[in-house]
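Contents: one structure, followed by commentary.
Numbering (the working numbering), first residue to last: 2 to 1146.
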């Protein structure tokens, strides 16, 4: 009965929805074998198969799902409603006029998305049908990857990729380890060592592996690549032996087996539950400031449209109120329609006017903007100046939706290590009990030329202290996760040190560790290998020392230290610990702390990365206690990380300080020049780093973030210990505001010599206090606002000792401040991902800390120096181009539809269209679309070289200056003016009419047939030429393709009009445009009228530009004028060769 209750309880726990245990863990039966009956109930859980699905659509749901997604866009849905209204009620224009442009937009988008999804299906099928080897009944059989199930045991050979997430059971290597690369996951090309389960690593054949009887309990799938919590129960004589499982046992889908003949592993996560699949799910959508402006303008024009329809509906009924005025006969209203209730008739008329004027809403603008962003993004990827030969990498665009946002950045948040610096570590020195050792330069495992012997400064310690010195060297040789490769070649690439005896080389995920181990090698202690859980080192006497590696307390960003526990050949137990000074000094109880601390501070001021080294001898009893603490924490399925952190805290105490090391991370090429240019462009640069304050400050001075005359303001733990946070904040606030007289630095045009430069330094602990919600009382207000006020008046800010989450908090704080500035975050490591995702624009650097930042970014660049061009050149051009595109689209649609509004006053508000159906349909699709698209792709108002040399030009377009409301209103008024000129100019030409001998009505002025289609065609002809010439006048950069598209569009309009009106088309019931265009062009006065009306329309805008440029020129306009005066050189940014189809930078 007890067994039945236990079974029932297990069933309830695992299958009741909402139970925490069911949500947080799963049980996997290796080889699908049932556990012994006396242990637990066998409940086979259901898991997904191993199919990867990256596609959005299937054959059956493509049409409905794609239509749903497209009609969620306001503009598309609006035009669908207008189209349906045209179908349902009698409207003045054919449903084709709305339906055809909408159909074109929907079809083009659907084809594009369908093709992209077809490629995803093709890629998925290739992966899902890939053959894999599975152990079944003691034999290795082949099956398709998609047929793998959780619990299967797979056999993987060298250089094969893992088909799903696996737990390593055994390896061809005797020590049960294997090497993998995770380049496809996080970009790290270094070999990582993973470990087989201790109790199964001895099983080497298919029969032995198939005989394994075990279950695995682990967490449910989650996307963190570096975290895994589980436990394996291996049944020995029906008794379970529990062992912990962690990320060191986990083989991830997409990783590749290296330098290991084969492995056996069990499947734990499949298909869309693998960590790779969970990581590739879409991120939240970012929207640019330009897109927000577009939507705001759309709302304004929608209000204008509704107002027009209401005014015309009202005036129609006012006009028809007189007895002799009724519905015009040509509207063909039936008697029953005329007898409807006035409210229904008014509503129907309102909808008809909405349909008539709906072209003021530019549906094609969204398609043009999407094409401009998509095609424009290739200019970044093709830019040869942003190609890095060392990495062999080009810039990458992950999100083309934010191109123009690159021209609007106000705040730049940058990481330090690997972003401003090279993350290329060079061992400089080490300090043992105050004695300093400086070997010749060793950089990432390569001895620099001329380093033939060991060099030391200061005197070596006496015989009594020699033991301490060697212990320090041994500690650095043992306390690390470095791998040793004996081969001279790996993957065809030669490595190793060829000057000494050994041809081995070191690999680690941390460049610091390689530099330290190589530094010890130059000082006489060489780390040889890890073999059979024993670490071997070669001492100065060329004797091999063996230490048994008992435990590794891995590094994490919270503790900021790592430790190992080893047993020497003499039986002595040691805990060696290395970490940041702030993580080591508080836990030290003895040693020459003052001497080492002084050296650490001196090195930090010089910009060197410092680590402190300490140790603790352990007695067997203490070691037993340590083992008990660690095993309890490692076997926990719930809160394992928290319990491990508590265990580490208890173990890493009572340390004896040995010394410290100093490693240099060199500044990246042109990093200082880039930061200086960003400052001149009006951007504020903040450095967010986990490094100590002194090191980070030295880097800031070297990179010209801080200048020698910059007054540094400190908001650090040290200062808040002396004064309250409240007092410190108010002191700093008074300091900066007294200097600037209440004005922020944004008021100033640049870093003026008359204004003191302030630089703020804040650390993570103080930031936490600032971010804490303020107490609303007299002593403590809102600290965030005071902090922001101080930051606004500082030319640069350094945030040190930052946790990854704090970096994102800082970005969010600035992003959500009352000015709502555009922010950019740039970094190279996993710890920068949170701020990259938080900022308006996220840029990843292809550095040495993996590719997590690159994968999560909007743009990726090889080096920090490329930030200058992507912002000052590409960002500038993108913003100029798209702002003109948006304003121009609204302008040309006002010009198009306002004459239609005016026409209603002359046709009794009868909803008579002014233009022919073909003109209504093709105006935005064909006649005026290509010139503005091309302009938005290749326009250069200023030469690229000038933009790079004069970063202050970036200020001219700051704060969305070209899409502000005054400029939008100017374009709208200009459109209304042009529409009035076109309409009334044509109207006065038709003022006097006479009858000819054959009864035709002719205009006296132009000798044209008088009629509404002739009148509308004349207005439309002037309209097309005016808006095209307007764009030509705004174009600064002319190429053969500009000429071809602009003049080609006008020729196409003329040819189309001649064909449309010159041929009797059999598919038309009636042909109202027959011979209209040709008859109009046969009139000489009509030609003159068209020229005069175009000139009158364009003249005010030209005059306004001439006056403004003469009296109030912007910096950009002054440079344009100067460039025209000088002999202009051909631009280098966009070269179109007639012999090559490639567009190159």
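Beta carbons are placed, not taken as given, at the ideal position from N, Cα and C, and that holds for glycine.
Please state the DSSP three-state secondary structure of residue i.
i, result
"residue 421", "coil"
"residue 251", "strand"
"residue 369", "helix"
"residue 137", "strand"
"residue 784", "helix"
"residue 710", "coil"
"residue 213", "coil"
"residue 1", "Limits of the chain in this structure are 2 at one end and 1146 at the other, which puts residue 1 out of reach."
"residue 916", "coil"
"residue 73", "coil"
"residue 684", "coil"
"residue 978", "helix"
"residue 409", "coil"
"residue 1053", "helix"
"residue 568", "strand"
"residue 1086", "helix"
"residue 197", "coil"
"residue 650", "helix"
"residue 234", "strand"
"residue 527", "strand"
"residue 705", "coil"
"residue 863", "coil"
"residue 1037", "coil"
"residue 192", "strand"
"residue 562", "strand"
"residue 162", "strand"
"residue 518", "helix"
"residue 1148", "With the chain covering only 2 through 1146, there is no way to say anything about residue 1148."
If residue i sits next to residue j, beta carbons under 8 Å apart, how far is it from one beta carbon to the other, in whole angstroms?
i, j, result
"residue 844", "residue 823", "In fact, because the Cβ distance is near 13 Å, the residues do not count as touching under 8 Å."
"residue 85", "residue 72", "Rounded, the Cβ-Cβ distance is 12 Å, inconsistent with contact."
"residue 48", "residue 151", "4 Å"
"residue 1148", "residue 265", "The chain is shown only over 2 to 1146; residue 1148 falls outside these bounds and no answer can be derived."
"residue 561", "residue 696", "Not quite, the Cβ-Cβ distance comes to about 13 Å (not below 8 Å), so this is no contact."
Return the residue from the list the options that minimises the CA-CA distance to residue i.
i, options, result
"residue 1081", "1015, 612 and 140", "1015"
"residue 865", "685, 885, 989 and 670", "670"
"residue 292", "172, 401, 350 and 78", "401"
"residue 710", "797, 629, 645 and 786", "797"
"residue 251", "987, 183, 174 and 943", "183"
"residue 159", "697, 257 and 1112", "257"
"residue 135", "966, 208 and 820", "208"
"residue 618", "640, 829, 653 and 604", "653"
"residue 62", "97, 34, 1018 and 118", "118"
"residue 962", "873, 290 and 433", "290"
"residue 598", "574, 629 and 663", "663"
"residue 52", "144, 87, 83 and 244", "144"
Should residue i go down as buried or exposed, given a rule of 16 or more other Cβ atoms within 10 Å for buried?
i, result
"residue 481", "buried"
"residue 1085", "exposed"
"residue 112", "exposed"
"residue 950", "exposed"
"residue 360", "buried"
"residue 132", "exposed"
"residue 46", "exposed"
"residue 378", "buried"
"residue 1172", "Beyond the ends of the chain as shown, which are 2 and 1146, falls residue 1172; an answer cannot be given."
"residue 952", "buried"
So who's on the other strand from residue i, going by DSSP bridges?
i, result
"residue 59", "In the DSSP output, where bridge partners are listed per residue, residue 59 has none listed."
"residue 612", "662"
"residue 155", "135 and 266"
"residue 506", "486"
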